[in-house]
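Going by the numbering used here, the first residue of the sequence shown is number -11, and it counts up by one from there. Written below as structure tokens is the structure these notes are about.
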Amino acid sequence: MTLKKRSDTGIEKGTNDLPKENAQANRDEQLWLSQIPSVKSHLKAKSLASVLDKLILLKGYAAEQSVVELQEQWRIAVGEKLASQSKVGKVQRGTLNIYAANSMVMSELDLSRMAALRHLKRTLPDSKIKSIKIRLLG
């Protein structure tokens, strides 16, 4: 068995044509790749969080959650007794609509309106409630 000597580059002596062929192939490949036009995409990758936020907004899950949270905070703000005789409506242009079961409940809610508004502003700052309008139900 005969051992072949290797040079310092790790390439066997007597086969120096192979690296030249590889180098030529690399140059040819670089030349070929440089001729392909590069087009910048106008599309950009979006984070998963932003996609999920958009989906939640489109499907209305956030609105459902905020309505439940608003009802719960209303119950805390005015007390169980008044909350059971009133219904939380929509927030339109910063005004929370509350529907009272009768005129007596409406009067009591009117007395506690400012305290309830302060509580809702403090606990639900994202709801942007500026005022409360109390109406009779029905």
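By construction, the Cβ of each residue, glycine as well, lies at the ideal position given by its N, Cα and C atoms.
Checklist entry - DSSP state of R81, grouped into three classes? => result coil
Next on the checklist: For L31, report the span of its alpha helix (DSSP H) as first-last.
Outcome noted: Taken as a continuous stretch (DSSP letters only), L31 belongs to no alpha helix (DSSP H), as it is neither H nor E.
Next on the checklist: Quick check: what's the CA-CA separation for E9 versus K34?
Outcome noted: 44 Å
Next on the checklist: Out of I120, L36, L70, V39, which one is the CA nearest neighbour of G82?
Outcome noted: I120
Item to check | At least 3 beta-carbon pairs within less than 8 Å: the segment 60 to 70 vs the segment 19 to 36 | outcome: Touching, no, given that fewer than three Cβ pairs across the two stretches are closer than 8 Å.
Item to check | Helix, strand or coil at L112 [DSSP, three-state] | outcome: coil
Item to check | Presumed contact (8 Å Cβ cut-off) between L105 and I86, rounded CB distance | outcome: Not confirmed; about 11 Å, so no contact.
Checklist entry - Around the C-beta of V27, are 16 or more other C-beta atoms found within 10 angstroms, so that it is buried, or is it exposed? => result exposed
Checklist entry - Can you tell me whether DSSP reads K118 as helix, strand or coil? => result Three-state result, K118: coil.
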